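In terms of the working numbering, the sequence shown opens at residue 420 and continues consecutively. A virtual CB, placed ideally from N, CA and C, is assigned to each residue, including glycine. Just so you know, these numbers come straight off a predicted model, no measurement behind them. Shown next, in structure tokens, is the structure this report addresses.
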Amino acid sequence: MRPYLKLIKHGIILGNLMPVLAGFLLAYGAVGQWQGMRLLYTLIGITGVMISATVWNNIIDRDIDRHMARTKNRPLVNGEISLEMAVAIAVIASLVGFSVLYGWVNPLSGHLAMIGLVDYVILYSLFFKRNSRLSIVVGSISGAVPPLVGYVALKGQLDMTVVCLFIIFSTWQIAHSYAIALYRKADYLATKIPMPPLFITFERTQMRMLAYVSAMILAVLYLAAFEVRGFWLPSAMVITVAAWWISLQRPIHKSEEAWGKQQFLNSLWVIMALCLWMMLTAL
420 MRPYLKLIKH GIILGNLMPV LAGFLLAYGA VGQWQGMRLL YTLIGITGVM ISATVWNNII
480 DRDIDRHMAR TKNRPLVNGE ISLEMAVAIA VIASLVGFSV LYGWVNPLSG HLAMIGLVDY
540 VILYSLFFKR NSRLSIVVGS ISGAVPPLVG YVALKGQLDM TVVCLFIIFS TWQIAHSYAI
600 ALYRKADYLA TKIPMPPLFI TFERTQMRML AYVSAMILAV LYLAAFEVRG FWLPSAMVIT
660 VAAWWISLQR PIHKSEEAWG KQQFLNSLWV IMALCLWMML TAL
């Protein structure tokens, strides 16, 4: 069982279900009509699509994974799972996921999930990751899809909240990926993956991260001012992201890798806190 959990990157899957739930509950706070079965179908459907995406990513990256310390023991690299089995899992998972989203949730959720899958597997994994410094920006599109699917699953339409969620989660994804690139610099240098922080100075990397988080703050401010009721929860959302922005201005004390690791951890706390505040808006 463990090799299959590694294959689907179960930690990433579980982590991305939190934004799905946050989006759904944010929509519930606006709609006021609870639909428990729709939430269940949404979680099942998006899980299938995400499993397909992560398995396809493992299939595509199996040649470079063997050169990275953190990925060299993945099941497709060490032979624990065959390529044929991995392809079968990816295809079946996507068929199940899209069938549930299109059949039991709504077409819009399926459309958004399809955009995320195509972006992550074809645009990001197959081309941009290995060939362009824009890979992080391209990959951020799929990173922003889970909360959008959760939101439209109940709301059933695109609105300014969807725009804000997209900006929040895509800019978070970019800053998060920059932190990973600094933290795991040796791995990315070994595989020659063109991550921007490997080719620009630390100061420029830091400024770019601050710029992306600034855009994130603006989207959170709009969401807090116009889309979320009350005072304390909107304030908590703004303070959470602002605190990260402040932490990004800290200079290096030990090394770029240590700074990147700290910002990587900070980014995880920020996104979990934001999702929590969004979920609490349903109360």
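Consult DSSP for residue i and reduce its assignment to one of helix, strand or coil.
| i | result |
| --- | --- |
| M614 | coil |
| A488 | coil |
| G430 | helix |
| G467 | helix |
| M420 | coil |
| R648 | coil |
| W664 | helix |
| Q592 | helix |
| D551 | Per the sequence shown, the amino acid found at residue 551 is Ser instead of Asp. S551 falls in the coil class under three-state DSSP. |
| R481 | helix |
| N525 | coil |
| W475 | helix |
| R603 | coil |
| L702 | coil |
| A655 | helix |
| G442 | helix |
Answer with buried or exposed for residue i, where buried requires no fewer than 16 other C-beta atoms within 10 angstroms of its C-beta.
| i | result |
| --- | --- |
| F517 | buried |
| H595 | buried |
| A532 | buried |
| D606 | buried |
| V510 | exposed |
| K673 | exposed |
| W678 | buried |
| K611 | exposed |
| D484 | buried |
| L687 | exposed |
| T451 | Just to set this straight, residue 451 is Gly in the shown sequence, not Thr. Burial call: exposed. |
| W651 | exposed |
Give me the Cβ distance between residue i and residue j, rounded to the nearest whole Å; I'm assuming they're in contact under 8 Å.
| i | j | result |
| --- | --- | --- |
| L444 | M697 | 7 Å |
| P565 | V439 | 5 Å |
| I671 | M614 | No, I671 and M614 are not in contact; Cβ-Cβ is about 18 Å, not under 8 Å. |
| L436 | L462 | 6 Å |
| N492 | L426 | About 12 Å separates the two Cβ atoms, so there is no contact after all. |
| I432 | M469 | 5 Å |
| V639 | M656 | 5 Å |
| A692 | Y447 | About 19 Å; that fails the 8 Å criterion. |
How about residue i: is its Cβ closer than 8 Å to a heavy atom in the ligand NAD?
| i | result |
| --- | --- |
| M533 | As far as ligands go, the structure on display features none, and thus does not contain the ligand NAD. |
What are the boundary residues of the alpha helix (DSSP H) that includes residue i?
| i | result |
| --- | --- |
| L577 | Element bounds for L577: n/a, residue is neither H nor E. |
| R623 | 621–641 |
| K680 | 675–699 |
| F517 | 502–519 |
| N497 | 494–497 |
| P670 | Careful: P670 lies outside any alpha helix (DSSP H) and carries neither H nor E. |
Next on the checklist: For the stretch 529–545 against the stretch 468–483, do three or more pairs of beta-carbon atoms, one drawn from each stretch, fall closer than 8 Å, so that the two count as touching?
Outcome noted: yes
Item to check | At least 3 beta-carbon pairs within less than 8 Å: the stretch 559–577 vs the stretch 613–621 | outcome: no
Next on the checklist: Between the stretch 584–598 and the stretch 675–686, can you find at least three pairs of beta-carbon atoms closer than 8 Å?
Outcome noted: With a cut-off of 8 Å, the stretch 584–598 and the stretch 675–686 count as touching, because enough Cβ pairs lie within range.
Checklist entry - When the Cβ atoms of the stretch 449–459 are set against those of the stretch 496–503, are three or more pairs found closer than 8 Å? => result no
Checklist entry - Quick one: any contact between the stretch 645–654 and the stretch 574–592, if contact means 3 or more CB pairs under 8 Å? => result yes
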